[in-house]
Structures are given as structure tokens and as C-alpha cells.
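First the structure, in the form of C-alpha cells, and then the observations on it.
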Amino acid sequence: MDVDRTTVDPTTVDPTTVAPSDENFDAAFVDDLDRLFRWRRDVRRFSRLPLETHLLPEIIAAAELSPSVGNSQPWRWVEVQSTASREAVRDNFIRCNSEALGGYDGERAQLYSSLKLAGLDDAPVHLAVFCDDSPAQGHGLGRRTVPATLEYSVVTAVSTLWLAARARGVGVGWVSILEPAEVAAELAVPSSWSLVAYLCIGYPEQAGDVPELERVGWQSRTSTADRYIIR
Numbered sequence: 202m203d204v205d206r207t208t209v210d211p212t213t214v215d216p217t218t219v220a221p222s223d224e225n226f227d228a229a230f231v232d233d234l235d236r237l238f239r240w241r242r243d244v245r246r247f248s249r250l251p252l253e254t255h256l257l258p259e260i261i262a263a264a265e266l267s268p269s270v271g272n273s274q275p276w277r278w279v280e281v282q283s284t285a286s287r288e289a290v291r292d293n294f295i296r297c298n299s300e301a302l303g304g305y306d307g308e309r310a311q312l313y314s315s316l317k318l319a320g321l322d323d324a325p326v327h328l329a330v331f332c333d334d335s336p337a338q339g340h341g342l343g344r345r346t347v348p349a350t351l352e353y354s355v356v357t358a359v360s361t362l363w364l365a366a367r368a369r370g371v372g373v374g375w376v377s378i379l380e381p382a383e384v385a386a387e388l389a390v391p392s393s394w395s396l397v398a399y400l401c402i403g404y405p406e407q408a409g410d411v412p413e414l415e416r417v418g419w420q421s422r423t424s425t426a427d428r429y430i431i432r
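All you need for our numbering is the position in the sequence shown, starting with 1, plus 201.
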């Protein structure tokens, strides 16, 4: 299958220019960082306006600064530009979403059906993020006993990307209602790559500091005390 994919070269932006030059951060910086955490939301409603050309390489360069087990950098970025591939992913989502709806009933099913769970139709950038499950880089350090640390490293990179995007006024939505193997097959990636995240990226229609699922009544946040344990 001839899949049109354009790889963003992170070397177009020097990652060291993304990092602060001073290791000491003042109170104003800490306040801004905390505010960024609060305003990093999962975006489902996007403007179709294309991103400024410098933004995606900058965001990827920031994500490349993420820590990884053994410094293996197992993340693999695949920008999905092909109309056919985007439609295949959309069909994948529609089928999986319909199956997920069948797992609910009553008011919960009604609420689920009203949720907008993906921005696949409007987001100008689709980015599939894979984990290379057997990278030569890192020489296996730190992952022999817990191989999942490779995927954990990729998730860390996704989180960094999310924050870097939000700091630049760009929204990110993680589409998790997909069959991963089908996405991998559609994008013709190596068999050693496994899908970790399918991201919709673009300018958000609106921004907010309250999770959408909390705002619509699906699930509110709970207290840290419910999850923090001392032994």
C-alpha cells in the first residue's frame, strides 16, 4: 500500500534551544508551569486552520527532550497526511466507538452517545505515536526486567508533547477508541512497532481548565487522598 507519510525531522529545531538556559526557576515560572498543567486538556473540537509551519517541528523537538529507559528514545512519530489512511482510522474509530457504546445502558449510554470523543474530522494534524519494542539504542539497559518501560517512555514523550503544544496555543486530543493493530497495518510500520497513541493536533475551538468529561457530568476529579498511600 502506498501511504503518503511526511516525517517531521526533529533536527530542524535544536532541542537545546527549547530548554531553559538557567537551572534555577523563579516563583513566576513555577506558577506559569502549574497553570500550564491545569490548562492542558484533551481537545476534541478543533479549528480546521492549518498550524503555522514552525509549530509542529518545535513541539516534536520539545517532546524529544523526554526521558527514556536506557536513553533508548523508543518513540516513533508518524504524521498521517494520506486522506485514505485518515479515512481508515476514522472508520476504525466509528466501529470501535459503536462497540464501546454497547457496553453501557440507560442514562450512561445516552450520555456516552452525546460525547464528542475524537477530533478526527477537523484536526489539521494527525500524529500516530509508536513504540519500537526492540530498539538497538540503549543496549537493553533498564528494560530487561520490566520491558514495559519502553512504552512508559513513549507515554512520557506524549505527555511532554502535550504540554509543549498547549504552551504554544495548540490543542492535542488522544484518540484511544481504536484497534491498534489495524492502525499499524494501515500505516505500514515495522512489525516491531506498537501503537501507543493516535493524536489529533490543531488550534482548539475553545480552551478551558476543566476536563470536558467533568464538565458534561461523565466523571469528576476525586481527591488525591483517595490515591496516596503511605506504608
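No residue lacks a Cβ here, since even glycine has one placed at the ideal position from N, Cα and C.
Spatially closest choice to residue i from the options, by CA coordinates
i: residue 254; options: 403, 351, 323; result: 403
i: residue 362; options: 387, 345, 329, 344; result: 329
i: residue 321; options: 230, 349, 400; result: 400
i: residue 267; options: 360, 426, 420; result: 360
i: residue 327; options: 347, 226, 245; result: 245
i: residue 308; options: 426, 419, 427, 225; result: 419
i: residue 263; options: 230, 357, 295, 318; result: 357
Beta carbon of residue i nearer than 8 Å to that of residue j
i: residue 249; j: residue 325; result: yes
i: residue 394; j: residue 385; result: yes
i: residue 369; j: residue 261; result: no
i: residue 301; j: residue 378; result: yes
i: residue 331; j: residue 279; result: yes
i: residue 417; j: residue 316; result: yes
i: residue 352; j: residue 390; result: no
C-alpha gap between residue i and residue j, whole angstroms
i: residue 355; j: residue 269; result: 8 Å
i: residue 272; j: residue 338; result: 7 Å
i: residue 413; j: residue 335; result: 37 Å
i: residue 430; j: residue 424; result: 12 Å
i: residue 256; j: residue 298; result: 31 Å
i: residue 405; j: residue 252; result: 11 Å
i: residue 344; j: residue 350; result: 6 Å
i: residue 348; j: residue 340; result: 13 Å
i: residue 227; j: residue 432; result: 34 Å
i: residue 225; j: residue 318; result: 40 Å
Close beta carbons around residue i, own chain, < 6 Å, minus the five adjacent residues each side
i: residue 205; result: Confidence at residue 205 is low in this model, with a pLDDT of 42, below 50, so its placement is unreliable and no value can be given for it.
i: residue 305; result: 313
i: residue 410; result: 239, 240
Other residues of its chain near residue i: CB distance less than 7 Å, five sequence neighbours each side excluded
i: residue 367; result: 237, 240, 241
i: residue 333; result: 275, 277, 393, 394
i: residue 247; result: 320, 323, 324, 372, 401, 403, 404, 405, 406
i: residue 364; result: 237, 241
i: residue 380; result: 293, 297
i: residue 230; result: none
i: residue 233; result: none
Cβ shell of residue i (< 8 Å), same chain only, five flanking positions each side left out
i: residue 408; result: 240, 242, 372
i: residue 415; result: 421, 422
i: residue 383; result: 289, 293
Where are the alpha helix (DSSP H) runs, 4 residues long or more, that stay fully inside the stretch 296-355, in chain order? 307-315
Kindly provide the ranges of any alpha helix (DSSP H) runs that are 4 or more residues long and lie completely inside the stretch 217-277, ordered along the chain. 228-240, 256-264
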